[in-house]
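Numbering (mature numbering (1 follows the signal peptide of the UniProt record, and there is no 0)), first residue to last: -29 to -1, 1 to 1025. Note that the Cβ used here is the ideal one computed from N, Cα and C, for glycine as well. Keep in mind that this is a model prediction, so the values were computed, not measured. Working notes for the structure below.
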């Protein structure tokens, strides 16, 4: 009975176990349908990605749009794999949708880089080529892509200002000449000599900088200062894609220079008079003051008149001129692109509108750019035809912003903006003749330069056999500029002008480039060859003209056209053309992807040179060794993913000189004042009357030099590229040495040659050497955190090593005493050494003979004089004079640096970019006006004068106030040289990518919003003897101030 019961219970247990086993198996093994999209790090769809359930052979691949569908175990694991990408293993965990972002296994090494008529893997590069991260630049609110490049590439120095229509000064490795140091810009294979401010930054697909001669010599005569290669976006295979980007930016003036208000200006004038031992008097101020028991003058009251001008039209004011001319401003930026493509071709259309109001009132730049390109294949891909066309229109107001900012400092605060009768306020008797800056803005705001540009190319490419491509590319760059400048009559204080004038100018320039290349790539065993040969023809044509008239009955822009003027008609114009024809070739060789070599040859012929010097030859050679591919290195250092040694040597050229420099040139003068007379006659009139009645007079302008030849720069570059842990840690080091010979220069005018004595010559030698270091770290963690940090540091030394004697005087120094610029950069500072202030009469008496010396005045060092033979020696001679001038500073920094940080977590990202320089000696021009009351007595002064030296304030470094500059303290000296080092937070950005589950319900592929700050803070030297006392060491002169800004932006992809 018990056995039967046990047997029955056992059967129940077995039955229940079997039941639960089947149930659990059914539940745990239940399949579900999973969908998703696979993209790369740029958000582009990846077709052909393999998705397999781990432990099975069940799988699928993504379609042309990166989408996939797979049936898998709801508790299974999916493995995503793609050539060149890191495989990803993702648990399903019952999810019905899994989107994946694939990342490169070797972050940069497989990247294809444009290197000049060719493309190469980054791993195979042997020259110094930097690849720019353009994605980080495209959300910066600027119309000029070069402004966003500042500090992001080692060896590339970019200097800008805050002018809405202002350009960017770009110097690669410090430049290579004493002439035009601008790099060569190539866009989609077509050069543009005028910069790239017309280009929509969002249209840029990639940007490379060819820095050394071995990389740039393929461009020969135009590559002396480096080359910037830009490839624009094209349509991609898949469904149509629409991208919309918009941003709004608020700019503001972060730091104003402190200037005196009306009463402080009166006090400073009173104190200076007291210091000079004079009774304080002023055309504007009256004073009530007394002397206390200690014999010290005490100011009791400052009195102002009812009117400051004899006509009684201007009441005394307390004007802050900086507030009157500056404002918070707005930038609007909108971009739209539409693209599509398939296996036979693609097309893209984009349009951009950019409107920028500046922080100086009424300054504005607005730009509209449209671009279209298409590429199509025929004959099974053996024939490709394409075009790329961009059209842009840019309008820039022509307000003299440098003058406006200078006048905002020097115009006295007691002057009102407007007179009581509604006219303009202006200087009154006793003041210096400085204009009202508000009037200058208002009377120039309708002067707008209008520029138009058509830029593009057409190409055809044939691939007759595998590996061989024959390409013909024809590019056009047409520019037109128009300006109708109107000058109005005005009465502003005692400054009066009754002239109303219209000057209308227009210019046209056209450049066309026809390039034909043959490129053959083939492999023979372990040998890889890439052979290029080509020809290139370039033609430049320029034309300009202007007309001017005065005497307009009505001063209104709608009326003031040239035909309405009644007086002083004037016109002029000119034109020029030049051409280049070139043949070139290059061979890239690789053995077993370990040993690399290249050889480049280019021969340019230029119309600017005479028949005997017309052609220049520019060769280059490079070698590379990928040590990381060697077995012994892999065994010893398994964590090493890349280690490559590079060495290159090359020659580049330069032809920056007037088109007609080889010819003696003359100009006809029709009723224009010759430079040496004040009449309106024609120079050298054949009739002898010098009346200008006949078009028969000519004036010599230039002495021709038919023996001119090319500038040639020879450069050696040694580099090392490295990477660790699958390129999570990466970097490079480059050292370069460059010498430019036969630099084209124009010596100072030689009077003994008579009129037209100027002559271009080959005559200078310049050396440049430097070091560039790049290091970075990138990683993605399993918790979704991503880190990307990169830093670059670069340093260069630029020295003139040879100049003809007749040229030395045109550069800083005093050649008569042997103190010349040789061995230094051409822009070094030269002047006196300021040695503090005299603190008492004993110090004054003990010092060398110095005209104007006194207590509280600047003491200048006596560093040398002439010996008995008349030679300069560095031994004090007891007299401070011109012989004591020396080199007092170098504005070129010891090094420049940039630091980029990026943190991503799921849908959030935070980016910060820092940029700075160290060791630059800047000349602070502001101090001439902020520290002295004696140099321009009738202007306003800086608030620093309130802290000037006095017996009661002996610790001050600011000279004692005075109204007479007997000590000549306006002279160039170290008093004005300050430490220009700075660190700026150029950009900080917080972004958020909206979830796919949200965006796809609205048929949006990607949506991103971001907040951004520009120039949020600046750190500069605020202590020590050479501390920076101005507003912005990056802009130490009277230029357009660099604003700070905040941006909100939205990016959508459909």
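With DSSP run on the structure shown, which of helix, strand or coil describes residue 1017? For the purposes of this step, residue 1017 is taken as residue 1046 along the chain shown, with counting starting at 1. In the structure shown, residue 1017 sits in a strand (DSSP, three-state: E or B).
Residue from 74, 68 and 26 whose Cα sits closest to the Cα of residue 10: On the chain shown, position 39 is the one that residue 10 refers to. Of the candidates 74, 68 and 26, the one whose C-alpha sits nearest the C-alpha of residue 10 is 74.
Taking 6 Å as the limit between beta carbons, can you name the residues of its chain near residue 275, skipping five residues before and five after? Reading the chain shown from its first residue, position 304 is the one you call residue 275. Result list for residue 275: 287, in chain order.
Residues near residue 848 in its chain [Cβ-Cβ closer than 6 Å; skip 5 each side]: Mapped onto the chain shown, residue 848 falls at position 877. Around residue 848: 836.
I need the DSSP call for residue 294, collapsed to helix, strand or coil. Mapped onto the chain shown, residue 294 falls at position 323. Three-state DSSP puts residue 294 in a helix.
Between the alpha carbons of residue 267 and residue 857, how many angstroms are there, rounded? As a working mapping, residue 267 is identified with position 296 in the chain shown. As a working mapping, residue 857 is identified with position 886 in the chain shown. Those two C-alpha atoms are separated by around 40 Å.
I need the boundaries of the beta strand (DSSP E) containing residue 430, first residue and last residue. Along the chain shown, one-based indexing puts residue 430 at 459. Here the beta strand (DSSP E) through residue 430 covers 419 to 433.
For residue 1028, which of helix, strand or coil comes out of DSSP? Here the chain has residues from -29 to 1025 only, and residue 1028 is not among them.
Cβ contact check for the stretch 613 to 621 and the stretch 167 to 185: 3 or more pairs under 8 Å: yes
Count the other CB atoms, across all protein chains shown, that sit within 10 Å of the CB of residue 678; report buried if there are 16 or more and exposed otherwise. In the chain shown, the residue the question calls residue 678 occupies position 707. Exposed: under 16 other Cβ atoms inside 10 Å.
For residue 1027, collect the residues of the same chain with a Cβ closer than 8 Å to its Cβ; drop the 5 residues on either side in sequence, then sort them by chain order. Missing from the structure shown is residue 1027; the chain here goes from -29 to 1025 and no further.
Here's the rule I'm using: 16 or more other beta-carbon atoms within 10 Å means buried, otherwise exposed. How should residue 755 be labelled? Numbered from 1 along the chain shown, position 784 holds the residue referred to as residue 755. Burial call: exposed.
Would you mind stating whether residue 129 and residue 139 have Cβ atoms separated by less than 7 Å? Position 158 of the chain shown, counting from 1, holds the residue named residue 129. Position 168 of the chain shown, counting from 1, holds the residue named residue 139. Yes, the pair counts as a contact, with Cβ atoms nearer than the cut-off.
By a C-beta neighbour count over all protein chains shown, 10 Å radius and 16 as the cutoff for buried, is residue 304 buried or exposed? In the chain shown, the residue the question calls residue 304 occupies position 333. When all chains shown are included, residue 304 counts as buried.
By DSSP, does residue 654 sit in helix, in strand, or in coil? As a position in the chain shown, residue 654 is number 683, starting the count at 1. Reliability fails at residue 654, whose pLDDT of 48 lies under 50, so the model's placement of it is uncertain and the value that follows must be treated cautiously. Residue state, collapsed to three classes: coil.
When the distance is taken between beta carbons, is residue 746 closer than 7 Å to residue 735? If you number the chain shown from 1, residue 735 lands on position 764. If you number the chain shown from 1, residue 746 lands on position 775. No, Cβ-Cβ distance for residue 735 and residue 746 is not below 7 Å.
Nonlocal neighbours in the same chain, by C-beta distance under 6 Å from residue 289, ignoring five residues either side: Numbered from 1 along the chain shown, position 318 holds the residue referred to as residue 289. Cβ within range, chain order: 232, 233 and 384.
For residue 238, name the three-state secondary structure that DSSP assigns. In the chain shown, counting from the first residue as 1, residue 238 sits at position 267. Reduced to three states, the DSSP call for residue 238 is helix.
What separation, rounded to the nearest whole angstrom, lies between the Cα atoms of residue 386 and residue 236? Indexing the chain shown from 1 puts residue 386 at position 415. Indexing the chain shown from 1 puts residue 236 at position 265. Going from the Cα of residue 386 to the Cα of residue 236 covers about 12 Å.
Assign residue 605 to buried or exposed, taking buried as 16 or more other Cβ atoms, counted over all protein chains shown, within 10 Å of its Cβ. For this step, residue 605 is matched to residue 634 along the chain shown. By the neighbour-count rule (16 or more Cβ atoms within 10 Å), residue 605 is not buried but exposed.
Beta strand (DSSP E) containing residue 317: first to last residue? Along the chain shown, one-based indexing puts residue 317 at 346. Per DSSP, residue 317 belongs to the beta strand (DSSP E) from 316 to 328.
Give the straight-line distance between the Cα atoms of residue 501 and residue 347, rounded to the nearest whole angstrom. On the chain shown, position 530 is the one that residue 501 refers to. On the chain shown, position 376 is the one that residue 347 refers to. Cα to Cα, residue 501 sits roughly 25 Å from residue 347.
Whole angstroms are fine: how far does the CA of residue 180 sit from the CA of residue 405? If you number the chain shown from 1, residue 405 lands on position 434. If you number the chain shown from 1, residue 180 lands on position 209. Those two C-alpha atoms are separated by around 45 Å.
Would you mind reading off the limits of the beta strand (DSSP E) that contains residue 350? Here residue 350 corresponds to residue number 379 of the chain shown, with the count starting at 1. From DSSP, residue 350 is part of no beta strand (DSSP E); its letter is neither H nor E.
Using only the heavy atoms of the ligand MN, determine whether one of them is closer than 6 Å to the beta carbon of residue 798. The ligand content of the structure shown is nil, which means the ligand MN is not present either.
So, for residue 137: in the same chain, excluding its five sequence neighbours on each side, which residues have a beta-carbon less than 7 Å away from its beta-carbon? Stepping through the chain shown from its first residue, residue 137 is reached at position 166. Closer than 7 Å at Cβ, skipping near neighbours: 131 and 1011.
Apart from the five residues on each side of it in sequence, which residues of its chain come closer than 6 Å, Cβ to Cβ, to residue 213? For the purposes of this step, residue 213 is taken as the residue at position 242 of the chain shown. Closer than 6 Å at the Cβ level, and outside the excluded window around residue 213, lie 309 and 1025.
Just list the beta strand (DSSP E) runs in the stretch 111 to 180, keeping only unbroken ones of 3 residues or longer that don't cross its boundaries, in chain order. 127 to 130, 140 to 143, 155 to 158 and 161 to 163
From the DSSP secondary-structure annotation, give me the bridge partner or partners of residue 617. In the chain shown, the residue the question calls residue 617 occupies position 646. 595 and 690, per the DSSP bridge assignment.
Going by DSSP in three states, residue 545 sits in which element: helix, strand or coil? As a first step, residue 545 must be located in the chain shown, where it is residue number 574. Reduced to three states, the DSSP call for residue 545 is strand.
Taking the DSSP output, what are the residues bridged to residue 820? As a working mapping, residue 820 is identified with position 849 in the chain shown. BP columns for residue 820 point to 850.
Could you check whether the Cβ of residue 357 sits closer than 7 Å to any Cβ belonging to chain D? Protein chains in the displayed structure number just one, and chain D is not present.
Please list the segments of the beta strand (DSSP E) lying wholly inside the stretch 212 to 263, counting only runs of 3 or more residues, in order along the chain. 257 to 262
When you compare the stretch 895 to 914 with the stretch 937 to 951, are there three or more beta-carbon pairs, one atom per stretch, that lie closer than 8 Å? yes
What span of residues does the alpha helix (DSSP H) with residue 410 cover, start to end? Stepping through the chain shown from its first residue, residue 410 is reached at position 439. Looking at the DSSP string, the run of the alpha helix (DSSP H) that includes residue 410 is 408 to 413.
Please classify residue 144 as buried or exposed, where buried requires at least 16 other C-beta atoms within 10 Å of its C-beta. If you number the chain shown from 1, residue 144 lands on position 173. Per the 10 Å Cβ criterion, buried.
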